[in-house]
Structure formats: structure tokens, C-alpha cells
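Have a look at the structure below before the remarks.
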Amino acid sequence: MIHNQIDSHDEEELGTQHNLEEDSKLPDEGTQEFSACLHFGSPQKPTLFDKIEKMNSSNSIFHYFHKNFTKFIKLALTAYSIPFPSKDGHVWQQVEPTDMLQEFRYLKVNYKSTVDWKLATYYLQCSPAFHGNEHYDCVLIQEVGKQLFARLLFMF
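Heads up, the sequence shown is in the working numbering, so the first residue is 65 and it goes up one at a time.
Dropping the structure here:
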């Protein structure tokens, strides 16, 4: 019985070494394109920010959504040293209620699993009517010094 367990362990170790060799052929995280990691699906028609705020008026998260979106975009562009977009020599300043945003209801995420170090895929949904029911997946967000759980309410 012990001999069988040792043989099983040796086979697992051999398989692990083989998997590590295969994983070394995968693109390095730093070299993999960001767009290859994420794929948005189930696009909705572009909608005015004003209409998004009105359609979700019962949810306080969407109150002044265009202003909060502006703050978010400014913080993200600054944090990642991305220049603010400009058109006709005018630098973008803020989102207006008459601007449009495209919602997506599906997100495919490719990542390297920390369990077995293999490439894995996860599918996230964010839909007010998925087979007749609401379906809002949750995510784990890594911030500096802490982790947060959040529920996806709107993907763009």
C-alpha cells in the first residue's frame, strides 16, 4: 500500500515537472497583451449617460453617474500615465449627460491560476435579465494593502 502511494506521488511529481515545462512555453504575464486577457461580449446599444441614470434611478450608485464616471476616468488615466484624449486641439475635461456609453454584459478573463499555474478562463456576467432573473457576478479586487469584494452592476 505504501509502495503504491510512493509510485502515485512519483507520477504526480513527473506530471508536475512536465506541466512546468509546458507553462514555460506560455507567454510571460508581462509580455501578454492586455486585450488578450480580457474580452467583452454581449454589447448593448450605446446609451446616453442621462438615460443610464434615469433607467437606474432606484439605485443610488447611478445618481450623478456621468460625474462619478468622469472622476473615475481622470483617476485611471492619471494613475497609468495615459494622456487625456483631445479632439481639434481641445483636451477632454468631463463626461456630459448627452455623451454616450456602450454597456457590455459579459466578460471573459484569461489568467494564470495560482493553484496549478495553468492558463485558466473565467466568465463574468452582469445582466438585469438573464433567463428572466438578475445575474450580477462578484469579483475580488486587489488594492494596495487590502482586498475588496464587489458586485458587478455595470460593465463598459
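Even glycine gets a Cβ: it sits at the ideal position worked out from N, Cα and C. Quantities reported herein were computed from a predicted structural model and do not represent experimental measurements.
Reduced DSSP category for residue i - H, G, I as helix; E, B as strand; rest coil
i, result
"residue 146", "coil"
"residue 117", "helix"
"residue 172", "strand"
"residue 139", "helix"
"residue 199", "strand"
"residue 218", "coil"
"residue 185", "strand"
"residue 178", "coil"
"residue 134", "helix"
Host beta strand (DSSP E) of residue i (start-end)
i, result
"residue 124", "Unbroken run through residue 124: none, as it is neither H nor E."
"residue 206", "202-207"
"residue 157", "Run containing residue 157: none; DSSP gives neither H nor E here."
"residue 106", "102-107"
Supposed close pair residue i, residue j - CB separation, criterion 8 Å
i, j, result
"residue 219", "residue 168", "5 Å"
"residue 173", "residue 185", "7 Å"
"residue 158", "residue 107", "That pair is no contact at about 24 Å."
"residue 104", "residue 171", "6 Å"
Classification of residue i by the beta-carbon crowding that lies within 10 angstroms, buried from 16 upward
i, result
"residue 130", "buried"
"residue 113", "buried"
"residue 116", "buried"
Cβ of residue i within 8 Å of any chain D Cβ
i, result
"residue 163", "In the structure shown, chain D cannot be found, because there is only a single protein chain."
Test item: CB-CB of residue i and residue j under 8 Å
i, j, result
"residue 189", "residue 201", "yes"
Any non-hydrogen atom of the ligand PLP within 7 Å of residue i CB
i, result
"residue 193", "As presented, the structure is devoid of all ligands, the ligand PLP included, so that no description of it is given."
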